[in-house]
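Numbering-wise (this note's numbering), the sequence shown opens with residue 42 and increments by one.
C-beta atoms are modelled at their ideal positions from N, C-alpha and C, and glycine is treated no differently.
One structure is given here, and the rest of the page talks about it.
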Amino acid sequence: MMVEEQMIGSLAGRIQQELATLSRYSATEKGVTRLPFTKEAEDALVCLEKMMREAGLSTCRDGSGALHGFLPGKSDKLFIIGSHYDSVVEGGAYDGIAGVVCGIEIARHFSPNTLPFTLEIVAFNDEEGVRFGGGFLSSKALLGELKPAELKNYCDADGLSCYEAMQRSGYDPEKISEDAWSVENIVGFLEIHIEQGARLYQAGLPIGLVTGIVGMRRFDIELTGRADHAGTTPMNMRADALTAAAAFILTAQKAAKERAAPDVVATVGVCEVRPGTVNTVPASVHLTLDVRSLDAAVRDEVVAECFAALRKAAAENDLTVKTQEKLTVAPVKMDEMLMARLSEAMTEEDISYMALASGAGHDALPIARRLPAAMLFVPSRDGRSHCPEEYSEPEDFARAVQVAIHMLEDWSEAL
Ligand code: HGY
Ligand code: MN
Ligand code: MN
């Protein structure tokens, strides 16, 4: 079934409108900042709830702050489509939430009780882990993989734990996994997401079929030395925390670059120096480390190299080191059956696409370990993401929606 171009046009127009509305729920003027358990996150959720109901879905929330929309089918089996509605700080208007909007548009296309399964559209909370340092909060909770006590170990910059932030927002963290899925009841999961890299954009292709997602390890590191006068403390008598941090940062870059593989990356995204004054030897530094690879062993080698360098530099500078591993998630391959169904739908729609791995983490990452999962990527202009310049064409989202609709229609006809 060739898709009428004007159908793509009208669908694209509605998607663009919905994303423009949702992008206003932000704590910053510059880009989009919508962190979990904040007013802007709650306001976005209310707006998504309205969009879901207008599309004919019944809605409910779960104990992690995720929103669910349901379109009943001919069985209680579930096919789930979704992505996250939280963002990074001063991020873009498409990362995550575009996949929720696409899910709503897919569901809107179908009448109740026509698909062989119930369609569940999910807006996941705190996929990014930017506020509390973890990530995948809702997807892990829905997989039954989160314990309430763990939420006390994740704290924001003000020292407020995720546990307390949930309580302040009216959630009961003790019930975080009470709404966990019965995984055996789920036929499949699809996430539509922006690529956040430049491969599709440079190839001029409208869609990417994701083959796998990198494994990730994330750490919080606290280096403690001693504050001293910058003018009167001889170099050989300092306990300068920033010196060891510099060795760590350069080792992270070098270790990843030496693997010379695009999926092997290491990033020190946070480097907070205290007391942070021009004439005081840095007493302490808070760092984060994020290491990824499609190969868990390579990922672990890079981590080991980084911490060996840190221990050596800390010993040479008379520092103490405290580390906390905040996230450990294995690389995954996407489901072959779902990939084949999506590939067939794109062939029938005469849409050219590229198969590619994801260097970004997604809710599909923990989910794919437990049930059949697939992802479709939409090009990111210039490969930019996690910044206000993030942009993707609404027509490309519309094409991804049409591919998913085509796959679900084929699925129904085949039964
Ligand atoms: O960090 C990531 O890859 C994703 O944006 N959470
Ligand atoms: Mn992101
Ligand atoms: Mn994302």
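Taking 7 Å as the cut-off, is the beta-carbon of Gly133 closer than that to any non-hydrogen atom of ligand 5? This structure simply doesn't include ligand 5; it includes ligand 1, ligand 2 and ligand 3 instead.
Would you mind stating whether Ala487 and Glu431 have Cβ atoms separated by less than 8 Å? Residue 487 lies beyond the range of the chain shown here (42 to 456); nothing can be said about it.
What distance in whole Å lies between the Cβ atoms of Thr329 and Asp281, which are believed to be in contact at a cut-off of 8 Å? Along the sequence shown, read from residue 1 onward, the residue named residue 281 stands at position 240. Along the sequence shown, read from residue 1 onward, the residue named residue 329 stands at position 288. Not really, about 20 Å apart at Cβ, beyond 8 Å.
Can we count Val130 as close to ligand 2, meaning its CB is less than 7 Å from some heavy atom? If you number the sequence shown from 1, residue 130 lands on position 89. Outside the cutoff, so no.
The region 190-198 touching the region 116-132, judged by at least three CB pairs closer than 8 Å: For the pair of segments examined, the region 190-198 was found not to touch the region 116-132: the number of CB pairs separated by less than 8 Å stays below three.
Rounded to whole angstroms, what is the Cα-Cα separation between Glu59 and Leu231? Within the sequence shown, residue 59 is the residue found at index 18, counting from 1. Within the sequence shown, residue 231 is the residue found at index 190, counting from 1. Taking the straight line from one Cα to the other gives about 20 Å.
Asp103 beta carbon less than 8 Å from that of Asp220: As a first step, residue 220 must be located in the sequence shown, where it is residue number 179. As a first step, residue 103 must be located in the sequence shown, where it is residue number 62. Yes. Within cutoff.
Using three-state DSSP, classify Ser51 as helix, strand or coil. Residue numbering aside, residue 51 sits at position 10 when the sequence shown is read from its first letter. The DSSP-derived three-state label of Ser51 is helix.
In angstroms, rounded to a whole number, what distance separates the CA positions of Met43 and Ser384? Numbered from 1 along the sequence shown, position 2 holds the residue referred to as residue 43. Numbered from 1 along the sequence shown, position 343 holds the residue referred to as residue 384. Unreliable placement is indicated for Met43, whose pLDDT of 49 sits below 50; the coordinate value is still reported in the next sentence. Put simply, the backbone Cα of Met43 is about 15 Å away from that of Ser384.
Are there 16 or more other CB atoms within 10 angstroms of the CB of Lys71, so buried, or fewer, so exposed? Within the sequence shown, numbered from 1, the residue matching residue 71 stands at position 30. Within a 10 Å sphere around the beta-carbon of Lys71 sit fewer than 16 other beta-carbons, which makes this residue exposed.
Spatial neighbours of Gln208 within its chain, please: CB distance less than 8 Å, with the 5 preceding and 5 following residues excluded, ordered by chain position. Counting from 1 along the sequence shown, the entry for residue 208 is found at position 167. Within the same chain, Pro214 come within 8 Å of Gln208 by CB-CB distance, once the 5 residues on both sides are set aside.
With 16 other Cβ atoms within 10 Å as the buried cut-off, status of Asp167: For the purposes of this step, residue 167 is taken as the residue at position 126 of the sequence shown. Answer is buried; the Cβ neighbour count reaches 16.
Mind pulling the beta strand (DSSP E) runs of 3 or more residues that sit fully within the region 376-430? DSSP runs (the beta strand (DSSP E)) wholly in the region 376-430: 394-399, 414-419.
Every unbroken alpha helix (DSSP H) within the region 192-246, with a cutoff of 4 residues, ordered by chain: Runs of the alpha helix (DSSP H) inside the region 192-246: 203-209, 240-244.
State the beta-bridge partners of Arg259 as determined by DSSP. If you number the sequence shown from 1, residue 259 lands on position 218. As computed with DSSP, Arg259 is found in a beta bridge with Asp331, Leu368.
Hey, how far is the Cα of Val343 from the Cα of Gly123? In the sequence shown, residue 343 corresponds to position 302, counting from 1. In the sequence shown, residue 123 corresponds to position 82, counting from 1. Taking the straight line joining both Cα atoms gives about 32 Å.
DSSP three-state call for Met43: helix, strand or coil? Numbered from its first residue, the sequence shown carries residue 43 at position 2. Only weak support exists for where Met43 lies, its pLDDT of 49 falling under 50; the value from the coordinates is given anyway. Residue state, collapsed to three classes: coil.
Tell me whether His427, by its Cβ, gets closer than 7 Å to a heavy atom of ligand 2. One-based indexing of the sequence shown puts residue 427 at position 386. The nearest non-hydrogen atom of ligand 2 is less than 7 Å from the C-beta of His427.
What do you reckon, is the C-beta of Glu169 under 7 Å from a heavy atom of ligand 2? In the sequence shown, the residue the question calls residue 169 occupies position 128. Yes; taking the cut-off as 7 Å, the Cβ of Glu169 has a heavy atom of ligand 2 nearer than that.
Quick one: what's got a C-beta closer than 6 Å to Ser210's C-beta in the same chain, skipping five residues either side? Residue mapping note: residue 210 aligns to position 169 of the sequence shown, counting from 1. Residues of the same chain with a CB within less than 6 Å of the CB of Ser210, apart from the 5 flanking positions on each side, are Phe78 in chain order.
Alpha carbon to alpha carbon, how far is Cys347 from Thr292? Within the sequence shown, the letter at position 306 stands for residue 347. Within the sequence shown, the letter at position 251 stands for residue 292. Whole-angstrom Cα-Cα distance: 6 Å.
According to DSSP, is Thr464 part of a helix, a strand, or is it coil? Absent from the model: residue 464. The displayed extent of the chain is 42 to 456, so no value can be given.
Cβ of Ala206 less than 8 Å from any chain C Cβ? Among the chains in the structure shown there is no chain C, since it carries only a single protein chain.
Verify whether the separation of the beta carbon atoms of Val171 and Val129 is less than 8 Å. The sequence position of residue 171 within the sequence shown is 130, counting from 1. The sequence position of residue 129 within the sequence shown is 88, counting from 1. A contact, by the Cβ cut-off of 8 Å.
My assumption, with CB atoms under 8 Å, is that Ser105 sits in contact with Leu184. Please give the rounded CB distance. Residue mapping note: residue 105 aligns to position 64 of the sequence shown, counting from 1. Residue mapping note: residue 184 aligns to position 143 of the sequence shown, counting from 1. About 11 Å separates the two Cβ atoms, so there is no contact after all.
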